[in-house]
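Colleague: Taken in order, these protein sequences are the chains called A, B, C and D. Residue 436 in our numbering sits at position 436 of the first sequence, and the numbers go up by one each step. Residue 1161 in our numbering sits at position 559 of the second sequence, and the numbers go up by one each step. Residue 1304 in our numbering sits at position 100 of the third sequence, and the numbers go up by one each step. Residue 1615 in our numbering sits at position 120 of the fourth sequence, and the numbers go up by one each step.
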Amino acid sequence: MSIPASQAPAHPADTESAQRRPPKELADVSVIVGGQGGDGTLTVVDLLGRYFRKRGLYVYTSRNTLSRIRGGHADANVRACRDPRAAIKAKADLLLAFDQEAIDVARPELDADALVLYDSTSFKADFPNALGFPFATLAGGQLGQPIYKNTAAYGAITVLMGFDDAVARQVIEERFKRRGAEALDKNLKALEIGRHVTLEVPSAVNRWTLAEGDAHELILTTGNQATALGFVVGGGRFFAGYPITPATEIMEYLMRYLPNYHGVVRQGEDELASINMVIGAATTGARAMTSTSGPGLSLMTEGIGHAGTAEVGVLIADCQRVGPSTGQPTRHEQSDLAHLAHLGHGEFPKFILSPGSAEDCFYLTVDALNLAEKWRLPVILLLDQALCQNASTVPAFDLTRVKVERPSVLSAEQVAKLDTYKQYAFTTHGPAPFAPLGTPGVTSQITGNEHDEWGHVSVNPVNRHKMMEQRMGKLLWARDELPRPRYFGQKEARVGLVGYGSTSGPILEAMDLLDTEGIVTKYLQARTLFPVQQETLGPFLDSVDYAFIVEHNYTGQLARLIREEMPQYHSKLRSILKYDGYSFRAPDIAAPIREAVHGSKR
Amino acid sequence: MSIPASQAPAHPADTESAQRRPPKELADVSVIVGGQGGDGTLTVVDLLGRYFRKRGLYVYTSRNTLSRIRGGHADANVRACRDPRAAIKAKADLLLAFDQEAIDVARPELDADALVLYDSTSFKADFPNALGFPFATLAGGQLGQPIYKNTAAYGAITVLMGFDDAVARQVIEERFKRRGAEALDKNLKALEIGRHVTLEVPSAVNRWTLAEGDAHELILTTGNQATALGFVVGGGRFFAGYPITPATEIMEYLMRYLPNYHGVVRQGEDELASINMVIGAATTGARAMTSTSGPGLSLMTEGIGHAGTAEVGVLIADCQRVGPSTGQPTRHEQSDLAHLAHLGHGEFPKFILSPGSAEDCFYLTVDALNLAEKWRLPVILLLDQALCQNASTVPAFDLTRVKVERPSVLSAEQVAKLDTYKQYAFTTHGPAPFAPLGTPGVTSQITGNEHDEWGHVSVNPVNRHKMMEQRMGKLLWARDELPRPRYFGQKEARVGLVGYGSTSGPILEAMDLLDTEGIVTKYLQARTLFPVQQETLGPFLDSVDYAFIVEHNYTGQLARLIREEMPQYHSKLRSILKYDGYSFRAPDIAAPIREAVHGSKR
Amino acid sequence: MVQSAKPTANTWCPGCGDFGVLAAAKKAILDLKIPPHEAVLVGGIGCSGGIHNFIDINGVHALHGRLLAQAIGLKLANPQLTVIAAGGDGDGYAIGMGHFMHAFKKNASILYIVMNNETYGLTKGQASPTSRLGFEGNIEVPFDAILTALSIPSGAFVARTFSGDPKTMTAVLSEALQFNRDHRGYAFVEDLSPCVTYNDTFKEWREKIVNIEKLPGYDPTDRSAVFRLCSETMRAGKIPVGVMHRPPKPTDESSNPLELKLLPDNIGPARADIGLEHNLAAYRTLLASAG
Amino acid sequence: MVQSAKPTANTWCPGCGDFGVLAAAKKAILDLKIPPHEAVLVGGIGCSGGIHNFIDINGVHALHGRLLAQAIGLKLANPQLTVIAAGGDGDGYAIGMGHFMHAFKKNASILYIVMNNETYGLTKGQASPTSRLGFEGNIEVPFDAILTALSIPSGAFVARTFSGDPKTMTAVLSEALQFNRDHRGYAFVEDLSPCVTYNDTFKEWREKIVNIEKLPGYDPTDRSAVFRLCSETMRAGKIPVGVMHRPPKPTDESSNPLELKLLPDNIGPARADIGLEHNLAAYRTLLASAG
Ligand SMILES: Cc1ncc(C[n+]2csc(CCOP(=O)(O)OP(=O)(O)O)c2C)c(N)n1
Ligand SMILES: Cc1ncc(C[n+]2csc(CCOP(=O)(O)OP(=O)(O)O)c2C)c(N)n1
Ligand code: SF4
Ligand code: SF4
Ligand SMILES: [Mg+2]
Ligand SMILES: [Mg+2]
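Below, the structure is given as structure tokens:
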């Protein structure tokens, strides 16, 4: 229940007459904050997120920024929910708008009942259900600086949603304590300004109340942060990268973390330098990674192939964004998979792993480090903008689930017991173990030219043939060790979904939606994308009538990859695609499934 | 018929007793010349090739060189045949060896009856049927320079094969006339030295005679030269590249040709510069190309995607070699297709065309230029080492078959008649025409960021969606214009072969082989590899029981690409693969087909 | 008039040094009466690289670091175009460093403007190759593009300007563009262009800049002399600005710019007649020579 | 003794200048008593780059142009290794130019030897960035690595040697390696190493080289002075060789090499203990700080 648009207080002046209603309890709330870059939209979202967490709710935040520093439309979204949701809510309940553009952009995202709270300093909202206060004027007048308008607006929201006053203040304190006493003081005052004016509008007071959740023990993190943390505890000690949205934060976190563990972080002069520094570092036995996004990834193509054939284990985190070329640097897409699965001139083995949540980023990064070193090949950690940068609440990371295993690394003691040490010895089951450069007693040759077992250049056709089989054999030999999918939904469902990365959030929500309509589904969240995991996908596809492959690209890359490897299933595969820079909302996924199910029942 | 090994004149001293036999007529002869780099092996092959051509035979030459400048084993092969053959003969009839290594390397390539002619100056051949003369000693003694041993050996071969004396001399004259009188004179003398000693061995004289062919009107060229020529007549005027085997000769030919046509060739500082110079040039309306091989191609990944999304038509010739990384720079492989078909972060349209012979290189390069410009996208001309560097006899190029069409280019006059000019206008059928930068009356914005119709940066999701469809739509809209396959063999055959590039030569020979055994086959030589040509592959696959996809790589890249696009045919596809750096010989292809056919008949 | 792509609204932070470059470039183009369709601005990737959107000539948005390659390709394909490349210090001196160096060697008559703000603006303020020690944890000595430009034995015009001094900047850009249009070779101008958001150096730079042209011993035709003057100025904690190298009029063809060496007739690939008919005779000869 | 990769047979043309570098490098390593397993030679792609196959230390064959990045990664991961990068002028000054420049800025204590033969040997004699005008149709001014090295304000050791003078070369390489091993920073040595097959300059270079150290005013701590000396020598048609920059012993930490700035304890990534057990406490604190 909510106020019909016609009765809405469009402006403080209109509100006096509004009747009192019992507050609606929100167990799943979504707030958009929109304005120009520099309006402080992210701060409001951050404050709300902090409050929601204290209320024990699951939180998910996302943002739409432009590839520019100030100005231009920017908005952010925060969702709080009693259920764990790692997706943007289909429709928002409240929009805080700092200009009309924010309203126009958000309009299709707003619930029919949504309220627009806005800063009436410089415009009158063109929206039926709107409530305006001159936050900038008020902040300017009382604090001397209109920029506090954002905290004032937060204050208004605390009233609208019936926040606990003390906790609402506590949130401000936590957020601003490091900015000095003056900033803290002014923000607290701004909070009061916002509260004050809103309290004067009876219909606005406790318009909603917020459900209480039980998710108090969670941490709020992003995929980028979780990846950086996973890298450290997985023994990663060398990182080289080059700034690029949405990957930069991995480097920035590691700049903070790694120096405490004898680790090194270098910003390279470009991505070519970065991947090659990482390869150099890895030859000494250091666990090493780079992170990048599309343009940088394309530049690393030659280097990744080199690591493959020289058998140097390295980790590449690819934070996908909208491509090709510079594309849309701040927007979401999953369109690098086809490239990665077929990457580079010539043929070499690599693994492509993809975590399905910020939590998974942590553990899968550890696995990726172990696998890269053991199998002596490049491992790609395939992320995407939403996974990298959207913050979500996840269980605290558990070190007992972390293992650092080094079966391929020979110590000086082990080497001393050998008769011969061949860096590229032929085996029939896996990579030859290697002695990192610098190991006493042996010298190595490491090369990207075709080579014999010693690492010496060879054009012998028999040797070439065997070396190809030795290297490519890893794709078979490693199968049992590669991360398994996660399965969700009803075992007996005949409708399957397959996806990876951040689509997991909206997929799970879509399944719940469909469930309420009696459509039972199940979901295979792929965590190893390459080599294509026949042994898990096969039984899953066998068990369904058809499967929807859900991904953010035009050509259906994951579906094509499955077809290429498992063509016998082709008639079961259907694609749900989105390639406009925005993430799926649950209904985007539910709708085509509903249609197919009803269609097929007709 | 030939001499059994035991009766062979292993050394001049042994030969006096050998009986006279009627000479065997050679209608398909293969000669290997092997030694150390610097022994002049290529010269002998060149001289033989010239003679064979004068005899009206089809000629095919190939070489195995190391990635080093002097020394190390090197060999070359020349085949002459009354039928057109663009493949190395399965077994060679004659080996000219300058050292024992040459014999050891060539041994598996020699016919059971083959003769080894060798320079006995420094070794005695370990081979049953061998004939040695001390060419180096003789040349050193009589000419003062042992290096003329190669021409002396050529002299010996002219006797063995019953060459016409005058023509054999004429060949020397043609080859050395530009090297000055002394060089010519000494080579003529060396020829006589070789003839002289050989004539003294009765069993060696006219051991074979050479069939006469009727292919007198052909030219001898390589894929690289034909591509360069096609580029010029197709209106190509800008080339930028970076040296890399086996692509360098395209640049070197164009350095000679282009300046005569207001054209420009630049050696870039690397492949990144090259592809981006080419893109820059193409924005002015110049038809522009780069050529490279694997490592350079990988580096161009970002640039090619940029051309795709900025809609700049450019041509990239990829001369495939053994990868990944530096791989085997001088060796043969077809392992870049998967990369190219899925190239780069994000998604953009491109065409991948592949000529099946040196002749086809010429015409397909012209087509590629027309298509790149018309469709405003990158076109990849997919070549391979054997196609690029092996010389073969082909019909002289026919300018009446060349067309230069420019439907997408707006002239100043056309522009003047427009109301609005949008570089990226939405259409429903093909690319918007463009006015090259510099066209009076209009200015353009060309960008790799997502953009609106004007070329202005846009993050609007509706625009993004439409732009993706506009660009990717080209892959559908252009289908009718893309080069069609060539078909060979019996229409009614139920066994199909599919291949591309230089594999066409050995495939056609294998089909003839199988034909003699009663196995009828047919061959689809694919000339458009991407987009996968369903409309031609479909009917072909429908018409056979199964199809062998013949290619030089480990994973079966073409077969996988077909599966990805046409999974319904998966059970008909079988792969014949080779990935040891050497080209197919016909029996390599015939054998698995024979086995499959007999197996399936069992 | 045909309606075609027009400049868009500016997206820079208010006060950004790049506004100075934009204004000066517009004025120089106007002063030299270059028709919009004859001029091309190739932008890099970065805040600065967006400049091509804000000026009424042809615009090309290149890949990060590759603007010089595209600009040189453009110029060689159509030598009558006035070609300006403009981007940031990250774009030009980090990922683009190889092309930066080779542009001097190539010596095509294009102008390259680097808007040096000693940081990566668009990716939010990381250290760049010109960042001073300590900036965002930077531990690498800053690169000095002028000293390096002087080290390359080419006939390029080299200068440094400051966004806080638009008059001088306009004069320098006009001179550089005229140099290009006279086919005298490559022109490189580094503009000190503060990033007011992540590295606001306006005040500091205003105090530190020293006009090299006013120093005793200044001779813009003598690289070593200017090299020494710059080194000394820097050692004194100052920043030299002004024209650093103004090559004398060339006396022989070996110092011609690239486009004239390659295209003595000044036609070039874009304007070559590629119609088959007009080339038939020449193509026949060419094909006859092959094989 | 464990049997492991040993040097292979040489593949260079007889007389190639690179033999001089190989001999000098072997001798320097021997003289400094560097155990084979502690030294790594990272080769580029080119004839010269094959050098890592011919010397009894660890060898890495990098990608074309990327040897410096691999070498620096190696050094930072294990600062106790003696790391030499060695390749050609094409590898280092064309495709590798960006890394060439940035290696000075980075200033890790590794040695980089460029075997400059003014051509691309392995791809059969095309013009390289150092080729003179006219060589194989070259129309770009040759790049001079020494002048440019002097233009970068870093604490690097810089020298040029000549393959025809192995004694000096050995001395210079020994000094450079000792400089590295003392963690004093980056060392760059350009060796003039003729390609006897495509560009045999032995005779010419022998006549043209001038030892800069013997010239009046030589001061290897003063970049501008050496810059001028070199420029003048070149103007006179000669080629300066010798130690071009020998930085004084550093007096403060800001001139420390990269590996010491990053790893004051000199342990580094490769030798860090990454066992979970030994890091548990620290990891717990780290994780607690997140979220
Ligand atoms: C290949 C590639 N790597 C990284 C990026 C991300 N990126 C965008 S702008 C930029 C740096 C911009 O710095 P600068 O060139 O100094 O320009 P400014 O914003 O300071 O004007 C980077 C690294 C990219 N677009 N492409
Ligand atoms: C990315 C890439 N581009 C091109 C090549 C081909 N290539 C091999 S060696 C070489 C040049 C070698 O010249 P230089 O570095 O001077 O070495 P030299 O042979 O003269 O010692 C080139 C261009 C390659 N291997 N990789
Ligand atoms: S971030 Fe800096 S460089 Fe970018 S627009 Fe703002 S002030 Fe200018
Ligand atoms: S080609 Fe030149 S550089 Fe290469 S090995 Fe021979 S002489 Fe040396
Ligand atoms: Mg900058
Ligand atoms: Mg060289």
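Glycine included, C-beta positions come from ideal geometry on N, C-alpha and C. Small disclaimer: the values here were computed from a predicted structure and weren't measured.
Please report the distance separating the alpha-carbon of Arg1162/B from that of Glu564/A.
Modeller: For the purposes of this step, residue 1162/B is taken as the residue at position 560 of the second sequence. For the purposes of this step, residue 564/A is taken as the residue at position 564 of the first sequence. Computed Cα separation, rounded: 6 Å.
Colleague: Considering only DSSP beta bridges, list what Pro1132/B is partnered with.
Modeller: One-based indexing of the second sequence puts residue 1132/B at position 530. Position check: residue 1132/B holds Phe in this sequence, whereas Pro was assumed. DSSP output for Phe1132/B lists Ile954/B as bridge partner(s).
Colleague: Could you spell out where the beta strand (DSSP E) holding Met891/B opens and where it closes?
Modeller: Start at 1 with the first residue of the second sequence, and residue 891/B comes out as number 289. 889–894 is the span of the beta strand (DSSP E), which, as asked, contains Met891/B.
Colleague: Check the Cβ of Gln1330/C against every Cβ in chain A and list those closer than 7 Å, keeping chain order.
Modeller: In the third sequence, residue 1330/C corresponds to position 126, counting from 1. Simply Pro243, Gln267.
Colleague: Beta-carbon separation of Ile250/A and Thr221/A under 9 Å?
Modeller: The count along the first sequence starts at 1 and reaches residue 250/A at position 250. The count along the first sequence starts at 1 and reaches residue 221/A at position 221. No. Outside cutoff.
Colleague: Using only Cβ atoms and a threshold of 5 Å, which residues come within that distance of a heavy atom of ligand 4? Order them by chain position.
Modeller: In chain order, the qualifying residues are Ile671/B, Trp1507/D, Cys1508/D, Cys1511/D, Cys1542/D, Gly1616/D, Cys1690/D, Val1691/D, Thr1692/D.
Colleague: Name the chain B residues whose beta carbon is nearer than 7 Å to that of Met1592/D?
Modeller: Stepping through the fourth sequence from its first residue, residue 1592/D is reached at position 97. Ordered by position in chain B, the residues that pass the 7 Å Cβ test against Met1592/D are Glu871.
Colleague: Give the interface partners of Met879/B over in chain C, defined as CB-CB distance under 8 Å, in chain order.
Modeller: Numbered from its first residue, the second sequence carries residue 879/B at position 277. In chain order: Ala1273, Gln1274, Ile1276, Gly1277, Leu1280.
Colleague: Give the straight-line distance between the Cα atoms of Leu1116/B and Ala694/B, rounded to the nearest whole angstrom.
Modeller: On the second sequence, residue 1116/B is found 514 positions in, with the first residue counted as 1. On the second sequence, residue 694/B is found 92 positions in, with the first residue counted as 1. Between Leu1116/B and Ala694/B, the C-alpha separation is close to 20 Å.
Colleague: So the candidates are Ala1198/B, Gly1158/B, Thr847/B; which of them puts its Cα closest to the Cα of Leu1179/B?
Modeller: Along the second sequence, one-based indexing puts residue 1179/B at 577. Ranking Ala1198/B, Gly1158/B, Thr847/B by Cα distance to Leu1179/B puts Gly1158/B first.
Colleague: What residues from chain B crowd round Tyr1390/C, counting only those whose CB sits closer than 7 Å?
Modeller: In the third sequence, counting from the first residue as 1, residue 1390/C sits at position 186. Near Tyr1390/C there are no residues of chain B at all, since even the closest Cβ is about 14 Å away, more than 7 Å.
Colleague: Less than 6 Å between C-beta atoms, sequence neighbours within five positions excluded: which residues of the same chain meet that for Thr1041/B?
Modeller: Position 439 of the second sequence holds residue 1041/B. Excluding sequence neighbours, Thr1041/B sits near Ala1014, Val1017.
Colleague: So for Gly865/B, helix, strand or coil by DSSP?
Modeller: Within the second sequence, the letter at position 263 stands for residue 865/B. Coil at Gly865/B, not helix or strand.
Colleague: Exposed or buried, which one is Glu217/A when buried takes at least 16 other CB atoms within 10 Å?
Modeller: Working through the first sequence from its first residue, we reach residue 217/A at position 217. Glu217/A should be labelled exposed.
Colleague: Quick check on the DSSP output: the alpha helix (DSSP H) that includes Gly757/B runs from which residue to which?
Modeller: On the second sequence, position 155 is the one that residue 757/B refers to. Here the alpha helix (DSSP H) through Gly757/B covers 751–762.
Colleague: Express the C-alpha separation of Asp715/B and Pro614/B in angstroms, rounding to a whole number.
Modeller: The sequence position of residue 614/B within the second sequence is 12, counting from 1. The sequence position of residue 715/B within the second sequence is 113, counting from 1. Unreliable placement is indicated for Pro614/B, whose pLDDT of 41 sits below 50; the coordinate value is still reported in the next sentence. Pro614/B and Asp715/B: Cα-Cα distance of roughly 18 Å.
Colleague: If contacts are defined as beta-carbon pairs under 8 Å, then Ala86/A and Gly505/A qualify, I think. What distance do you get, rounded to the angstrom?
Modeller: Start at 1 with the first residue of the first sequence, and residue 86/A comes out as number 86. Start at 1 with the first residue of the first sequence, and residue 505/A comes out as number 505. Going by Cβ atoms, the distance from Ala86/A to Gly505/A rounds to 3 Å, so yes, they are a contact pair.
Colleague: Determine the chain C residues that contact His908/B at a beta-carbon separation under 7 Å, and present them in chain order.
Modeller: For the purposes of this step, residue 908/B is identified with residue 306 of the second sequence, where counting begins at 1. Near His908/B (Cβ distances below 7 Å), the residues of chain C are Leu1267.
Colleague: Using only CA atoms, which one of Lys572/A, His342/A, Met255/A, Glu405/A lies nearest to Ala1331/C?
Modeller: Residue mapping note: residue 1331/C aligns to position 127 of the third sequence, counting from 1. When only C-alpha atoms are compared, the closest one is Met255/A.
Colleague: Return yes when the Cβ of Gly838/B is within less than 9 Å of the Cβ of Leu917/B, no when it is not.
Modeller: Here the question's residue 917/B lines up with position 315 in the second sequence. Here the question's residue 838/B lines up with position 236 in the second sequence. Closer than 9 Å, so yes.
Colleague: Ligand 1 and Asn1065/B: does the residue's C-beta get closer than 8 Å to at least one heavy atom of that ligand?
Modeller: One-based indexing of the second sequence puts residue 1065/B at position 463. Asn1065/B Cβ: outside cutoff for every heavy atom of ligand 1.
Colleague: Let me see if you follow: with CB-CB separation under 9 Å, is Ser927/B close to chain D or not?
Modeller: Numbered from 1 along the second sequence, position 325 holds the residue referred to as residue 927/B. Answer yes: the Cβ-Cβ gap between Ser927/B and chain D drops below 9 Å somewhere.
Colleague: Between Pro1370/C, Lys1453/C, Arg1475/C, Pro1333/C, which lies nearest to Ala883/B when the distance is taken from Cα to Cα?
Modeller: On the second sequence, position 281 is the one that residue 883/B refers to. For the residues Pro1370/C, Lys1453/C, Arg1475/C, Pro1333/C, the minimum Cα distance to Ala883/B belongs to Arg1475/C.
Colleague: Give the DSSP-derived three-state secondary structure of Met566/A in the structure shown.
Modeller: Sequence index remark: in the first sequence, residue 566/A carries index 566 (1-based). Coil.
Colleague: With DSSP run on the structure shown, which of helix, strand or coil describes Ala1731/D?
Modeller: Working through the fourth sequence from its first residue, we reach residue 1731/D at position 236. Coil at Ala1731/D, not helix or strand.
Colleague: Measuring from the CB of Asp1584/D, is there a heavy atom of ligand 6 at a distance below 8 Å?
Modeller: Position 89 of the fourth sequence, counted from the first residue, corresponds to residue 1584/D. For ligand 6, at least one heavy atom lies less than 8 Å from the Cβ of Asp1584/D.
Colleague: With distance defined between alpha-carbon atoms, name the residue in Leu1536/D, Leu1757/D, Gln1575/D, Val1667/D nearest to Thr447/A.
Modeller: Indexing the first sequence from 1 puts residue 447/A at position 447. Minimum Cα distance to Thr447/A is reached at Leu1536/D.
Colleague: Which value, in whole angstroms, describes the spacing of the CA atoms of Ala391/A and Asp83/A?
Modeller: For the purposes of this step, residue 391/A is identified with residue 391 of the first sequence, where counting begins at 1. For the purposes of this step, residue 83/A is identified with residue 83 of the first sequence, where counting begins at 1. Cα to Cα, Ala391/A sits roughly 16 Å from Asp83/A.
Colleague: With 16 other CB atoms within 10 Å as the buried threshold, where does Ser1749/D fall?
Modeller: Working through the fourth sequence from its first residue, we reach residue 1749/D at position 254. The residue is exposed, with fewer than 16 neighbouring Cβ atoms inside 10 Å.
Colleague: Pick out whichever of Tyr1588/D, Asp1513/D, Lys1528/D, Gln1565/D has its Cα sitting closest to the Cα of Gly1545/D.
Modeller: By one-based count along the fourth sequence, residue 1545/D stands at place 50. For Gly1545/D, the nearest C-alpha among the options comes from Asp1513/D.
Colleague: Please list, in chain order, the chain C residues whose beta carbon lies closer than 7 Å to that of His1597/D.
Modeller: For this step, residue 1597/D is matched to residue 102 along the fourth sequence. Chain C residues near His1597/D: Met1301.
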